[in-house]
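Sequence positions in the sequence shown follow the UniProt record's numbering and run 1 to 97.
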Amino acid sequence: VRLPPDHFDWAEERAERWIEWIEGSGVHVVGDVEELRPVRPDPDERYRHPDRVGRKRQLETALNALAAMTREAARRSDPDRTLVSRMRTQAERLRER
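In structure tokens, the structure reads:
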């Protein structure tokens with residue numbers, strides 16, 4: 001998820017404070033605290049709000065999800081057949097006693 005363009009100044013200021021605090025605190029850090037800084041996107045890159053997904057993208061995602069669910073369902077055995085088979089096996093064992 002990318003920050004909206006108008007939030008970058010605030011995020012950069014916050015990151016600067018956190019980095020200064022961490023570096024002055026003596027806290028052991030694994031990694032580079034500079035990675036806390038937000039990365040501004042390319043100015044030519046259009047911002048897309050994550051809560052405003054177009055209908056075409058929603059449809060594509062829904063169809064992909066349905067296809068994945070269908071493949072998963074086809075891969076699994078029918079639970080009714082499995083249950084009936086187990087019941088038959090148990091009934092045969094009981095009859096043999």
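Every residue gets a Cβ at the ideal spot worked out from N, C-alpha and C, and that includes glycine.
Bounding residues of the alpha helix (DSSP H) (the contiguous stretch that carries residue i)
{"i": "E96", "result": "79-96"}
Coil, strand or helix - residue i by DSSP
{"i": "P4", "result": "coil"}
{"i": "residue 100", "result": "Not covered by the structure: residue 100. The range shown for the chain is 1 to 97."}
Given residue i as reference, the closest of the options once Cα atoms are compared
{"i": "H49", "options": "L94, R97, H7", "result": "H7"}
{"i": "Y47", "options": "L94, E92, E96, L3", "result": "L3"}
{"i": "V39", "options": "P5, R76, S77", "result": "P5"}
Handout entry: Sufficient close CB pairs (3 or more, under 8 Å) joining the segment 68-87 to the segment 41-48
Key = no
Handout entry: Residue ranges of each alpha helix (DSSP H) within the segment 30-87, 4 or longer
Key = 55-75
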